[in-house]
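Line order of the protein sequences matches chains D and E. Each residue of the first sequence is one higher than the one before, counting from 85 in the numbering used here. Each residue of the second sequence is one higher than the one before, counting from 96 in the numbering used here.
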Amino acid sequence: MHGMTRYFLRRLLLIPPTFLCITFLVYAALRLVPGGPIEQAEFQIRLAMMEEGGGGGLMDRSGELQIPESAMRELQRYYRLDRSIPVGYLHWLGGILRLDFGRSYVHGEPVLGVLAARLPVSLYFGLIGYLAAWVLCIPLGVLKAVRHRSAFDTWTSVLVFLGHAVPGFVACLLLLVLFGGGSWWDLVPLGGFRSEGWEQLGPAARALDQLRHTWVPVAGYLVGGFAAMTMLQKNSLLENLGADYVRTAFAKGLSEGRVIFVHALRNSLIPVFANIGNALGLLFAGSFLIEKTCNIPGMGLLGYEAVIQRDYPVILGTLVFLVLIRLAGNILSDAAWALLDPRVRFEG
Amino acid sequence: MPGPVKLLEIRGLRTWFELEEGTARAVDGVDLDVREGEVLGLVGESGCGKSVTALSILNLIPAPPGRIVSGEILFRGRDLLKLSRPELRAVRGGDIAMVFQEPMTSLNPVFTVGWQIEEAIRFHQGVGDRRELAARGVRLMGKLGIPDPERRRGAYPHELSGGMRQRVMIAMALACSPALLIADEPTTALDATLQAEILELMLRAKAESGDAAILLITHDLAVVAETCGRVAVMYAGRIQELADADPLFREPLHPYTRGLLDSLPRPGTGKGTRLRAIPGTVPRSLSWPSGCRFQTRCPLAQDRCRRVEPELAEVRPGRRVRCHLVGPEGRA
Chain D
85 MHGMTRYFLR RLLLIPPTFL CITFLVYAAL RLVPGGPIEQ AEFQIRLAMM EEGGGGGLMD
145 RSGELQIPES AMRELQRYYR LDRSIPVGYL HWLGGILRLD FGRSYVHGEP VLGVLAARLP
205 VSLYFGLIGY LAAWVLCIPL GVLKAVRHRS AFDTWTSVLV FLGHAVPGFV ACLLLLVLFG
265 GGSWWDLVPL GGFRSEGWEQ LGPAARALDQ LRHTWVPVAG YLVGGFAAMT MLQKNSLLEN
325 LGADYVRTAF AKGLSEGRVI FVHALRNSLI PVFANIGNAL GLLFAGSFLI EKTCNIPGMG
385 LLGYEAVIQR DYPVILGTLV FLVLIRLAGN ILSDAAWALL DPRVRFEG
Chain E
96 MPGPVKLLEI RGLRTWFELE EGTARAVDGV DLDVREGEVL GLVGESGCGK SVTALSILNL
156 IPAPPGRIVS GEILFRGRDL LKLSRPELRA VRGGDIAMVF QEPMTSLNPV FTVGWQIEEA
216 IRFHQGVGDR RELAARGVRL MGKLGIPDPE RRRGAYPHEL SGGMRQRVMI AMALACSPAL
276 LIADEPTTAL DATLQAEILE LMLRAKAESG DAAILLITHD LAVVAETCGR VAVMYAGRIQ
336 ELADADPLFR EPLHPYTRGL LDSLPRPGTG KGTRLRAIPG TVPRSLSWPS GCRFQTRCPL
396 AQDRCRRVEP ELAEVRPGRR VRCHLVGPEG RA
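What follows is the structure, encoded as structure tokens:
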């Protein structure tokens, strides 16, 4: 156990340098890529002027937009772009350490508040989708392995791969077209996290409303990961059923059920469970495409919009969050593996 | 004269595998008896059907592609091939236990060795009391010479050495005092220095736990010479010679048996003398040779050998040989 403690301690100590590298690279990239917030502002102004047709005081003789030096500096200071990249990065980092993520250019609110509002939404759908995947994929994978090459196995494989070929957001679209109250059925709302005026509803109505908004996005998440997880479980169990120790268990006189569900299943779950860290990362991040399709104000959509609008503090804020979750997820995966497989002993 | 009591009688056993290239007749008409309390060696080269014979006894042939096509396996008069599933389960690990070759892969990696040994006791003898189970597990491990069994009981297979793991396998097999122990190459995966020790332990443990008969499957004639009372020599899916160990080693009758013995180094052979290997390789079970199955490699093969397969005939009391050239009068 000593080696293990040291291993995990080392993994934890590796988080800060990894974190610094990733955030610095992204920070530098954001600053270097053309089309930053000032250019965006200029573009807006130019657009406005073209519509007005007038010049105003900002136009020089050749008709170019001319922002006065002082105003430019003011803008740069407002967007915190007046410092060199390393200095700017250090300032930003200092803020992060004080839990000051800055203000969103677009929303005008503190970034932390923006994130806090979006995170539960992504987490809600992601978590339910993930749990649903476990509840459905593991038993299905087990059943497919036990009935390998039966008609059941063949037909579920066809369905699983059909589902695999459909991206999650397309599945959402399809469901919305069918059940969203268009030409066919009106069973689910067209999107959103909750209905307007949800706070005014009674507890039962609230739950029902929430549930009605849940089906489609969760189905989208489920379709995305379903095939991989089902087949991972199936192949893992199948491989274990062919192992020597399974023959030993049969030779001991154990029933088929005990051999499969105690001896082989326990081993086959190791790779499935050890994936938990990666899944966690995806789950917090939310899927931009599904959130866009279903109009869910989650993390994925937030990150996407921030990039389009060059909302640097929000981009960096989501990045901080996702990097930390990812790094923690990796450690969690290792821990799950060590917990399930006694052969795994990490050297410190 | 009442003969020794037959514990297991294999009659005309055929176990075939349906492969894409055709039907592999791995075991193709095996007749073999195991007597109460004896140690019977089943020897032959790789691919001759020894292991498939052993697995067939407990119906452990993976099906598909394997299939026991015909034959009977009578254990104390009951045909094991006709048992219901619960009856078969009671026999497996209860009356007949098995030790496999690879102690690393044959133990479940995620359960402690104590748990795996005690599992058999739990299911066959309905012992539920944890402390009693632990005590029996520890006692078995101690019997197999596992040092500090109280602590080792909680170890996982990968934490033990190969020799310790094989002791665990044997302890597990002997847990319910079986009447027959089938050991399939039990020492092949171990260091040479360990082999004798493990065999010795197995024989002693067998004697202490109700004198089980042992069917010892091996390609190693030295192991047979040390441990077995009787020997069956198998080739190409059939028994070729069956005899008590001493006469067999003193005077092998079947040309194949002779070839096996000649390929062994002996104390008398001088340095530099080349060992005589049997020419060629075991034919593929997809198409055995016509006539005698050994004729393609037999130095004495005659025209008759290529056309007609000989019977496994009793040439002397207690001695059976499948060869045209061996008559009652002696060797070819």
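All residues carry an ideal CB built from backbone N, CA and C; glycine is no exception.
For residue 193 of chain E and residue 284 of chain E, what's the separation of their Cα atoms in angstroms?
16 Å
Helix, strand or coil at residue 252 of chain D according to DSSP, with G and I counted as helix
The answer is helix: DSSP assigns residue 252 of chain D an H, G or I state.
Are there 16 or more other CB atoms within 10 angstroms of the CB of residue 336 of chain E, so buried, or fewer, so exposed?
With a threshold of 16 other beta carbon atoms within 10 Å, residue 336 of chain E meets it and is buried.
With DSSP as the reference, label residue 185 of chain D as helix, strand or coil.
coil
Can you check whether the C-beta of residue 40 of chain D is within less than 7 Å of a C-beta belonging to chain E?
Given a span of 85 to 432 for chain D in the structure shown, any question on residue 40 of chain D remains unanswerable.
Out of E:317, E:198, E:279, point me to the one whose CA is closest to residue 309 of chain E's CA.
Nearest neighbour of residue 309 of chain E by Cα position, chosen from E:317, E:198, E:279, turns out to be E:279.
Beta-carbon within less than 7 Å of residue 307 of chain D's beta-carbon, same chain only, minus the 5 sequence neighbours each way: which residues are those?
247, 250, 252, 255
Going by DSSP, name the residue or residues bridged to residue 231 of chain D.
Beta-bridge pairing links residue 231 of chain D to no other residue.
Spatial distance of residue 178 of chain E from residue 186 of chain E (CA atoms)
9 Å
Kindly indicate the opening and closing residues of the beta strand (DSSP E) around residue 298 of chain D.
Not the beta strand (DSSP E): residue 298 of chain D falls in the alpha helix (DSSP H), residues 287-325.
Between residue 413 of chain D and chain E, is there a C-beta pair that is closer than 7 Å?
no
Between residue 282 of chain E and chain D, is the shortest Cβ-Cβ distance under 7 Å, so that the two count as touching?
No, its Cβ sits nowhere closer than 7 Å to a Cβ of chain D.
So which residues on chain E does residue 339 of chain D lean against when the C-beta distance must stay under 9 Å?
180, 181, 184, 218
Beta-carbon neighbours of residue 205 of chain E, restricted to chain D and to distances below 9 Å:
Against chain D, the beta carbon of residue 205 of chain E has neighbours under 9 Å at 347, 350, 351, 354, 424, 425, 426, 427, listed in chain order.
Any contact between the stretch 315-331 of chain D and the stretch 347-358 of chain D? By contact I mean 3 or more CB pairs, one from each, below 8 Å.
yes
Determine the DSSP secondary structure at residue 241 of chain D, reduced to helix, strand or coil.
helix
What does residue 175 of chain E reach in chain D if we use C-beta pairs closer than 8 Å?
Residues of chain D passing the Cβ test: none, with the nearest at roughly 13 Å.
Interface partners of residue 170 of chain E on chain D, CB under 9 Å:
Within 9 Å Cβ-Cβ: nothing; residue 170 of chain E doesn't reach chain D, min ~14 Å.
Neighbourhood of residue 428 of chain D by C-beta, 8 Å cutoff - its chain only, sequence neighbours within 5 removed:
421, 422
Is DSSP giving residue 205 of chain E helix, strand or coil here?
coil
Counting pairs of Cβ atoms below 8 Å between the stretch 261-270 of chain E and the stretch 234-244 of chain E, do you hit three or more?
yes
Could you tell me whether the Cβ atoms of residue 182 of chain E and residue 174 of chain E are closer together than 7 Å?
No. Outside cutoff.
Does the beta carbon of residue 228 of chain D come closer than 7 Å to any beta carbon on chain E?
Interface flag for residue 228 of chain D against chain E is unset, since no Cβ pair is found closer than 7 Å.
Does the beta carbon of residue 236 of chain E sit closer than 7 Å to a beta carbon anywhere in chain D?
no
Between the alpha carbons of residue 109 of chain D and residue 341 of chain D, how many angstroms are there, rounded?
53 Å
Quick check: the Cα distance between residue 393 of chain D and residue 107 of chain D, rounded to an integer number of angstroms?
19 Å
Taking contact to mean at least 3 C-beta pairs separated by less than 8 Å, is the stretch 366-384 of chain D in contact with the stretch 220-234 of chain E?
no
In chain order, what residues of the same chain lie with their CB nearer than 8 Å to the CB of residue 201 of chain D, ignoring the 5 residues before and after it?
Excluding sequence neighbours, residue 201 of chain D sits near 381.
Need the endpoints of the alpha helix (DSSP H) that residue 356 of chain D sits in, please.
Here the alpha helix (DSSP H) through residue 356 of chain D covers 349-357.
With a 10 Å radius around its C-beta and 16 neighbouring C-beta atoms as the bar for buried, classify residue 123 of chain E as buried or exposed.
buried
Segments assigned alpha helix (DSSP H), at least 4 residues, entirely inside the stretch 156-216 of chain E:
With a minimum length of 4 residues, the continuous alpha helix (DSSP H) runs that stay inside the stretch 156-216 of chain E are 180-186.
8 Å Cβ cut-off: residues of chain E touching residue 329 of chain D
200, 201, 202, 203, 204
For residue 360 of chain E, which option in E:184, E:272, E:350, E:371 has the closest C-alpha, if you only look at C-alpha atoms?
Nearest C-alpha to residue 360 of chain E: E:371.
If contact is defined by three or more beta carbon pairs under 8 Å, each pair taking one atom from either stretch, is the stretch 370-386 of chain E in contact with the stretch 321-335 of chain E?
Yes: at least three Cβ pairs fall under 8 Å.
Which residues share a DSSP beta bridge with residue 433 of chain E?
Because chain E here runs from 96 to 427, residue 433 of chain E falls outside it and cannot be looked at.
Count the other CB atoms within 10 Å of the CB of residue 335 of chain D; is the residue buried (16 or more) or exposed (fewer)?
buried
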